[in-house]
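One structure below.
Numbering (this note's numbering), first residue to last: -15 to 167.
Structural data, given as structure tokens:
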């Protein structure tokens, strides 16, 4: 399983329930990696999407404990056990671990990072105001940086309407031994 996330220079990922920044090139990279795949997300992350709608051209699995929660176009699971049962069922239909992307938010990342073998991380080369963090993979011995792009430059739109120029890099990390997903 993979995780995909955008972080600032201090591994922050969000502020007041929203992304730190929207950058066209980062969103294009996200779409390139996840289109045609299965994405796992929390309901708060889904609420940040345009119209609160699921991502098109992807199987969206939303983790939410509320039995009444039923967003159109999503598979809803209410616990990790239910998620793993769903993934095992999809595996019997041909789903491969490498075709699954955990896309947030913080609690979903925290619960599923131990099962991820690869991490695709966009690192914004600046600090933003933040109240939610992702684990610093450079500080975790089980994660190894595999590759990093040359710096990319673009424009960002941040929380609260801030705009400006930004540089960032795309990184790929791998982990030797993730917890088994399909047992």
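Backbone N, C-alpha and C fix where the C-beta goes; we use that ideal spot for every residue, glycine too.
Give a yes or no on whether the minimum CB-CB distance between residue -4 and chain D is below 8 Å.
-> No chain D appears in this structure, which consists of one protein chain only.
C-alpha distance - residue 98 paired with residue 162, whole-angstrom precision | So the alpha carbons of these two residues sit roughly 6 Å apart.
Beta bridge counterpart(s) of residue 158 as assigned by DSSP = 102, 128
Any idea which residues DSSP pairs residue -8 with across the strands?
-> Partner(s): none; residue -8 has no beta bridge.
State whether the stretch 141 to 157 contacts the stretch 103 to 111, with contact taken as three or more CB pairs (one from each stretch) at a distance under 8 Å.
-> yes
Thinking C-beta only, is residue 5 closer than 8 Å to residue 140?
-> With respect to residue 5, residue 140 sits close: the two C-beta atoms are nearer than 8 Å.
Ordered list of alpha helix (DSSP H) runs contained in the stretch 18 to 70, each at least 4 residues | 27 to 31
Per-residue DSSP class, three states only, for residue 149 | Note: residue 149 maps to strand in three-state DSSP.
Mind checking residue 157: buried by the 16 CB within 10 Å criterion, or exposed?
-> buried
Smallest Cα separation from residue 216: which of 73, 37, 65, 50?
-> Coverage of the chain is limited to positions -15 through 167, which leaves residue 216 absent and any answer about it impossible.
Measure the C-alpha to C-alpha separation of residue 72 and residue 20 and round it to an integer number of angstroms.
-> 18 Å
Classification of residue 10 by the beta-carbon crowding that lies within 10 angstroms, buried from 16 upward = A buried status is given to residue 10, since no fewer than 16 other beta-carbon atoms sit within 10 Å of its beta-carbon.
Cβ neighbours of residue 132 in the same chain (closer than 6 Å, five flanking residues each side left out) | 153, 155
Proximity to residue 142 [Cα-Cα], best of -12, 7, -7 = When each option's Cα is compared against that of residue 142, the closest is 7.
Endpoints, alpha helix (DSSP H) assigned at residue 90 = Taken as a continuous stretch (DSSP letters only), the alpha helix (DSSP H) holding residue 90 covers 90 to 96.
In the DSSP assignment, find the unbroken beta strand (DSSP E) run with residue 1 in it and report its ends.
-> Taken as a continuous stretch (DSSP letters only), residue 1 belongs to no beta strand (DSSP E), as it is neither H nor E.
Residue 142, enclosing beta strand (DSSP E) - first and last residue = 136 to 142
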